[in-house]
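Undergrad: Numbering (my numbering), first residue to last: 64 to 385.
Below are the structure tokens for one structure; questions will follow.
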């Protein structure tokens, strides 16, 4: 398993390098550059100022030379300076990354905690009232746009009932754990809704298929308790395809976080990357997008580790390289 993980880490680093090259190129191709934006905001700038600034930022050098300089600095921990926030990129992104990871982690945990029991309940008696009700809720969860759900939750639970704050991360003058948790409730539910529906549908389909296998019928014929059949024999095997969906979805949560963070004025990575791209903040947008890629790659490696924990045969395959 260790050799397999080393190989997967090597592949992840290669993908990350390719993504850095492509992303750097795409951002360079965007119309305008930092000096052009400075000129738009300062009509007193002269042609000499423009030449001096382009030389200072390295904009007068060839693309590969600029990329090589950036990559060399990045490998030493220097990710540049954010023009929008007038601060080093690491200082801007570090707290926002933690905020986003907290939001995504809670949404992911909520989705797993609800979806797994619901998928087993639906698959236990296909076509039952519980199965149809769960399918209907899943269809609604997938169909409802996140921004619409966010508005609905704000109107119902913040404006009408006053149970939770409508936006922000803390209340001015408070900032305790309970206050922070109250501010997270509505964003977490909004971000988790689609994942709950997706996990439940895939989990139900996998469980229904597994429960039709011969070894399940054999276990029932031997008189094994239904609870053991469902969770020990059925659920464990149904988890393998579901883990893939969860791993891919965790990386995709960054996209959902963009809308959720914007709707609830939550200071996270999603909104920061959006603002950086729209504001042509080259360094901030580049590092933010690479961080999103890193999270997706890490989720996929975690899925590989989970495969081995769920099914020992996969560990054997990884060791033998077959």
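Glycine is no exception: its CB is placed at the ideal position from the N, C-alpha and C atoms.
Can you give me the C-alpha to C-alpha distance between residue 156 and residue 230, rounded to a whole angstrom?
TA: If you take the alpha carbons of residue 156 and residue 230, they lie about 21 Å apart.
Undergrad: Answer yes if the stretch 334-342 comes into contact with the stretch 266-278, meaning at least three C-beta pairs across the two stretches below 8 Å, and no otherwise.
TA: In short, these stretches do not touch, since the Cβ pair count stays below three.
Undergrad: Let me know the alpha helix (DSSP H) ranges lying completely inside the stretch 131-203, each 4 residues or longer, listed in chain order.
TA: Taking only runs of at least 4 residues, the alpha helix (DSSP H) segments lying wholly in the stretch 131-203 are 152-187.
Undergrad: Please go through the same chain and pick out, in chain order, the residues whose beta-carbon is closer than 8 Å to the beta-carbon of residue 23, but skip the five residues on each side of it.
TA: Summary: the structure shown does not reach residue 23, with the chain confined to residues 64 through 385, and so no result is reported for it.
Undergrad: What are the boundary residues of the alpha helix (DSSP H) that includes residue 71?
TA: It spans 65-92 - the alpha helix (DSSP H) in which residue 71 sits, taken as one unbroken run.
Undergrad: Counting along the chain, where does the alpha helix (DSSP H) carrying residue 270 start and finish?
TA: Per DSSP, residue 270 belongs to the alpha helix (DSSP H) from 240-273.
Undergrad: Under a Cβ-count criterion, where at least 16 other Cβ atoms within 10 Å of its own Cβ denotes burial, should residue 93 be classed as buried or exposed?
TA: By the 10 Å Cβ count, residue 93 comes out exposed.
Undergrad: So, are the CB atoms of residue 257 and residue 314 less than 8 Å apart?
TA: No, the pair does not count as a contact, with Cβ atoms beyond the cut-off.
Undergrad: In whole angstroms, what is the alpha-carbon distance linking residue 212 and residue 69?
TA: When rounded, the distance between both Cα atoms is 42 Å.
Undergrad: Specify the secondary structure class of residue 228 as computed by DSSP and reduced to three states.
TA: Residue 228 falls in the coil class under three-state DSSP.
Undergrad: Please state whether DSSP places residue 327 in a helix, a strand or coil.
TA: Residue state, collapsed to three classes: coil.
Undergrad: Three-state secondary structure (DSSP) at residue 109?
TA: Coil.
Undergrad: Taking the Cβ atom as the reference point for each residue, do residue 353 and residue 86 lie within a distance shorter than 8 Å?
TA: The answer is yes: Cβ separation under 8 Å.
Undergrad: With burial defined as no fewer than 16 other Cβ atoms inside 10 Å of the residue's Cβ, what is the status of residue 350: buried or exposed?
TA: Residue 350 should be labelled buried.
Undergrad: State the start and end residues of the unbroken alpha helix (DSSP H) segment that holds residue 207.
TA: Note, residue 207: premise wrong, no alpha helix (DSSP H); not H, not E.
Undergrad: Is residue 304 helix, strand or coil by DSSP?
TA: In the structure shown, residue 304 sits in a helix (DSSP, three-state: H, G or I).
Undergrad: Quick one: Cα of residue 303 to Cα of residue 372, how far?
TA: Rounded to the nearest angstrom, the two C-alpha atoms are 10 Å apart.
Undergrad: Expressed to the nearest angstrom, what Euclidean distance is found between the alpha-carbon atoms of residue 173 and residue 223?
TA: Each residue's Cα considered, the two are about 24 Å apart.
Undergrad: Quick one: grab the DSSP three-state call for residue 343.
TA: Correct three-state label for residue 343: coil.
Undergrad: Please determine, among 295, 269, 344, the residue with the shortest C-alpha to C-alpha distance to residue 148.
TA: Nearest C-alpha to residue 148: 344.
Undergrad: With DSSP as the reference, label residue 285 as helix, strand or coil.
TA: Three-state DSSP puts residue 285 in coil, outside helix and strand.
Undergrad: Contact between the stretch 292-301 and the stretch 241-259 is defined here as three or more beta-carbon pairs at a separation below 8 Å; is this criterion met?
TA: Touching, no, given that fewer than three Cβ pairs across the two stretches are closer than 8 Å.
Undergrad: Can you tell me whether residue 292 is helix, strand or coil according to DSSP?
TA: Note: residue 292 maps to helix in three-state DSSP.
Undergrad: In or out: residue 333 buried (at least 16 other Cβ within 10 Å) or exposed?
TA: Burial call: buried.
Undergrad: So the candidates are 118, 326, 99; which of them puts its Cα closest to the Cα of residue 214?
TA: Checked all of 118, 326, 99; the closest Cα to residue 214 is 326.
Undergrad: Have a look at residue 218 and residue 144 and give me their C-alpha separation to the nearest angstrom.
TA: Residue 218 and residue 144: Cα-Cα distance of roughly 39 Å.
Undergrad: In three-state DSSP terms, what is residue 236?
TA: Looking at residue 236 - three-state DSSP - the assignment turns out to be coil, as it is neither helix nor strand.
Undergrad: By how many angstroms is the C-alpha of residue 108 removed from the C-alpha of residue 209?
TA: Their backbone Cα atoms lie some 44 Å apart in a straight line.
Undergrad: How should residue 322 be labelled, buried or exposed, when 16 other C-beta atoms within 10 angstroms of its C-beta is the threshold for buried?
TA: Counting Cβ neighbours within 10 Å, residue 322 comes out buried, since at least 16 surround it.
Undergrad: Taking the alpha-carbon positions, what's the residue 203 to residue 191 distance?
TA: So the alpha carbons of these two residues sit roughly 18 Å apart.
Undergrad: Quick one, which of 117, 121, 83 has its alpha-carbon nearest residue 99's?
TA: Taking only the C-alpha atoms, the option nearest residue 99 is 117.
Undergrad: Nearest to residue 200 by CA position, among 247, 236, 262, is which residue?
TA: Here the closest residue by C-alpha is 262.
Undergrad: Going by CA-CA distance only, name the one from 78, 83, 71, 72 that's closest to residue 348.
TA: Taking only the C-alpha atoms, the option nearest residue 348 is 83.
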